[in-house]
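Colleague:
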Amino acid sequence: MVSSQPSFSRPESSPSTSGKGSSPRPCSPPPPAQPQSSINPSRSRPLVELIGSQFPAFDCESAVVFPFQDETARDDAFQKELNEMLLDAALETHAWASARPFHETEMATRKFERQIMAVQEQENEQGMLTTRPLPSFFFLVLLFFEKTRQRLNEFVTRMKSALAALTGMP
Numbered sequence: 001m002v003s004s005q006p007s008f009s010r011p012e013s014s015p016s017t018s019g020k021g022s023s024p025r026p027c028s029p030p031p032p033a034q035p036q037s038s039i040n041p042s043r044s045r046p047l048v049e050l051i052g053s054q055f056p057a058f059d060c061e062s063a064v065v066f067p068f069q070d071e072t073a074r075d076d077a078f079q080k081e082l083n084e085m086l087l088d089a090a091l092e093t094h095a096w097a098s099a100r101p102f103h104e105t106e107m108a109t110r111k112f113e114r115q116i117m118a119v120q121e122q123e124n125e126q127g128m129l130t131t132r133p134l135p136s137f138f139f140l141v142l143l144f145f146e147k148t149r150q151r152l153n154e155f156v157t158r159m160k161s162a163l164a165a166l167t168g169m170p
């Protein structure tokens, strides 16, 4: 009986072209397929049983769901920890930024007071010191705020006049 499947065979290399002498090749072509009627019925029985037997069910919960839930729980815990760390960093930065102007003002005040004292000492040594009292820190702060208020008022007035000029309103 003739096989319905084509038989493929490799051509053997000649000793003159292979360069290995006359030794046979280690892999030989597969034997041609045998027709279905020549298969032993006793061998086909285990195959039928194998096909008919039930395969074990795929446990998707242990293979997919539980690892995914574990990873999600780890991600959530990491996000929570990261959010807490970011909140702490933001609060510390805010506290630092809030305290910084006060600290800089104190340092500048001390620096200016030292400079004023140095100038007064030089004037005293030279006999040029006036007997006028030294302004207090609060007086200097009030003077600073008053000058700032005046500059802000001038700025607003200039902006109003500029807008009036642009819109043509008096």
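Residue numbers (full-length UniProt numbering): 1 to 170. In this text, a Cβ means the ideal position worked out from N, Cα and C, and glycines have one as well.
Less than 9 Å separating the beta-carbons of Leu-140 and Thr-109?
Modeller: Numbered from 1 along the sequence shown, position 140 holds the residue referred to as residue 140. Numbered from 1 along the sequence shown, position 109 holds the residue referred to as residue 109. Cβ atoms of Leu-140 and Thr-109: closer than 9 Å.
Colleague: For Ala-95 and Phe-102, what's the separation of their Cα atoms in angstroms?
Modeller: In the sequence shown, residue 95 corresponds to position 95, counting from 1. In the sequence shown, residue 102 corresponds to position 102, counting from 1. For Ala-95 and Phe-102, the distance between alpha carbons rounds to 12 Å.
Colleague: Going along the chain, which residues of its own chain have a beta-carbon closer than 8 Å to the beta-carbon of Pro-67, five neighbours each way excluded?
Modeller: Here residue 67 is taken as the residue at index 67 of the sequence shown, counted from 1. Closer than 8 Å at Cβ, skipping near neighbours: no residue.
Colleague: If you measure between the beta carbons of Glu-113 and Phe-137, is that distance less than 9 Å?
Modeller: Reading the sequence shown from its first residue, position 113 is the one you call residue 113. Reading the sequence shown from its first residue, position 137 is the one you call residue 137. For Glu-113 and Phe-137, yes; Cβs fall inside 9 Å.
Colleague: Check for me: the alpha helix (DSSP H) holding Pro-67 runs from which residue to which?
Modeller: For the purposes of this step, residue 67 is taken as residue 67 along the sequence shown, with counting starting at 1. 66 to 126 is the extent of the alpha helix (DSSP H) around Pro-67.
Colleague: What is the DSSP secondary structure of Phe-58, counted as helix, strand or coil?
Modeller: If you number the sequence shown from 1, residue 58 lands on position 58. In this structure, Phe-58 counts as coil in the three-state DSSP scheme.
Colleague: Within its chain, find whatever has a CB closer than 7 Å to the CB of Val-48; leave out the 5 residues flanking it on each side and keep chain order.
Modeller: To locate residue 48, count along the sequence shown from 1; it is residue 48. Cβ within range, chain order: n/a, list empty.
Colleague: So Met-169 is in the alpha helix (DSSP H); what residue range does that whole segment cover?
Modeller: On the sequence shown, residue 169 is found 169 positions in, with the first residue counted as 1. First-last for Met-169: undefined, no H or E at that position.
Colleague: Alpha carbon to alpha carbon, what distance is there between Glu-81 and Ala-99?
Modeller: The count along the sequence shown starts at 1 and reaches residue 99 at position 99. The count along the sequence shown starts at 1 and reaches residue 81 at position 81. About 27 Å.
Colleague: By DSSP, does Pro-24 sit in helix, in strand, or in coil?
Modeller: For the purposes of this step, residue 24 is taken as residue 24 along the sequence shown, with counting starting at 1. For Pro-24, the predicted structure reports a pLDDT of 47, less than 50, and the residue's modelled location is therefore unreliable. The matter cannot be settled from this model.
Colleague: DSSP state of Ser-161, grouped into three classes?
Modeller: Position 161 of the sequence shown, counting from 1, holds the residue named residue 161. Reduced to three states, the DSSP call for Ser-161 is helix.
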